[in-house]
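Undergrad: Every position in the sequence shown, counted from 1, becomes a number in the UniProt record's numbering once 3 is added. This is the structure, below, for whatever I ask next.
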Amino acid sequence: ARLVVLVSGAGTNLQALLDACADPAYGAQVVAVGADRPGTGGVERAERAGLPTFTLRIADHPSRDDWDAALTDAVAEHGPDLVVSAGFMKILGPRFLARFGGRTVNTHPALLPSFPGAHAVRDALAYGVKVTGCTVHFVDEGVDTGPVIAQETVQVGWHDDEDSLHERIKQVERRLLVDVVGRLARDGWTARGRRVSMKCRTC
Ligand code: GRF
Numbered sequence: 004a005r006l007v008v009l010v011s012g013a014g015t016n017l018q019a020l021l022d023a024c025a026d027p028a029y030g031a032q033v034v035a036v037g038a039d040r041p042g043t044g045g046v047e048r049a050e051r052a053g054l055p056t057f058t059l060r061i062a063d064h065p066s067r068d069d070w071d072a073a074l075t076d077a078v079a080e081h082g083p084d085l086v087v088s089a090g091f092m093k094i095l096g097p098r099f100l101a102r103f104g105g106r107t108v109n110t111h112p113a114l115l116p117s118f119p120g121a122h123a124v125r126d127a128l129a130y131g132v133k134v135t136g137c138t139v140h141f142v143d144e145g146v147d148t149g150p151v152i153a154q155e156t157v158q159v160g161w162h163d164d165e166d167s168l169h170e171r172i173k174q175v176e177r178r179l180l181v182d183v184v185g186r187l188a189r190d191g192w193t194a195r196g197r198r199v200s201m202k203c204r205t206c
C-alpha cells in the first residue's frame, strides 16, 4: 500500500513508519511526506530517506478552502492508498475528506473521546486522570471525532509533567500506529468483526 504521511512536528511517528516500511513484509511504503509549516523534523526525516516532500502553509493561500484544495492536489499527486496524519496539527478540509475520507487515519495522544484537540496531554494532566493513552482513528470532519480503530493505555505517574507524560505516550503511540497502518495496508481492517478494508464504517 502507498502511504502519504502528513506531519507538523518532530516526525517520530513518521520515523517509526519509515523503519517499519524497510521490511517488505510490512506491506506498505511511504511515497511522500507533507507538512503545514516549514522546518519540521518530519520533513527532514523524509528528505534523509530520499522521499518527495511538500510544505503548504495556510498563510500562503488566499483562503482555507484554497489551502484545502492545494493539499488535496498535493496528496493526490502521489496516489496514496492510505493517508496518515502523524502529528499533523491542522483540521483536514471538506475537499480533502471528499477525496480521502475513509482512508485517512490520525494518531492522537489521549483516549478519545476524552481530551480531543491540540493539548490532549496537558488537558488530561489538568483533569487529573490516572490513566490516559493514545488512539488511532479514521479522520472525519470533526476534531478527533472519527471512528476509533485502536487504543492503548498509559498510566499517569505522580511526578509526570506534560513532557514526560507525552514522551511515554509517544512510545506507545508509535508502536500502535505502526501496527494499525500495517494491518490496514496488508489486510484491510476488521473492526467489530467486520472487514472494512480501508473504508471507515461511517464516512
Ligand atoms: C504525537 O503525540 C501526536 O499524536 C501529536 O503530536 C505528536 C507528534 O509527534 N498530535 P511526532 O511529530 O510524530 O514526533
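The beta carbon of each residue, even a glycine, is placed where N, CA and C say it ideally should be.
(1) Between residue 157 and residue 136, how many whole angstroms is the CB-CB distance? I'm expecting something under 8 Å.
(2) Going by alpha carbons, who is nearest to residue 184 out of 78, 138, 125?
(3) Specify whether the stretch 109 to 125 and the stretch 66 to 81 touch according to this definition: at least 3 beta carbon pairs, one from each stretch, less than 8 Å apart.
(4) If you draw a straight line from the alpha carbon of residue 23 to that of residue 43, how long is it in whole angstroms?
(5) Starting from the Cα of residue 133, find the closest Cα among 168, 78, 182, 48 and give me that residue.
(6) Verify whether the separation of the beta carbon atoms of residue 3 and residue 6 is less than 8 Å.
(7) Pick helix, strand or coil for residue 99, following the three-state DSSP scheme.
(8) At which residue ranges does the stretch 26 to 91 contain complete alpha helix (DSSP H) runs of 4 or more residues, listed in the order of the chain?
(9) Could you tell me the boundaries of the beta strand (DSSP E) in which residue 5 lies?
(10) Taking the beta strand (DSSP E) that residue 152 belongs to, which residues open and close that run?
TA: In short:
(1) Here residue 157 is taken as the residue at index 154 of the sequence shown, counted from 1. Here residue 136 is taken as the residue at index 133 of the sequence shown, counted from 1. Residue 157 to residue 136, Cβ: 5 Å. Contact.
(2) Here the question's residue 184 lines up with position 181 in the sequence shown. The candidate whose alpha carbon is nearest that of residue 184 is 138.
(3) no
(4) Start at 1 with the first residue of the sequence shown, and residue 23 comes out as number 20. Start at 1 with the first residue of the sequence shown, and residue 43 comes out as number 40. So the alpha carbons of these two residues sit roughly 21 Å apart.
(5) As a working note, residue 133 is residue 130 in the sequence shown. Looking at the Cα atoms, 168 is the closest of the given residues.
(6) There is no way to answer for residue 3, as the model of the chain reaches only from 4 to 206.
(7) To locate residue 99, count along the sequence shown from 1; it is residue 96. In the structure shown, residue 99 sits in a helix (DSSP, three-state: H, G or I).
(8) Correct list: 44 to 51, 67 to 79.
(9) Here residue 5 is taken as the residue at index 2 of the sequence shown, counted from 1. Residue 5 -> beta strand (DSSP E) spans 5 to 10.
(10) For the purposes of this step, residue 152 is taken as the residue at position 149 of the sequence shown. Per DSSP, residue 152 belongs to the beta strand (DSSP E) from 151 to 158.
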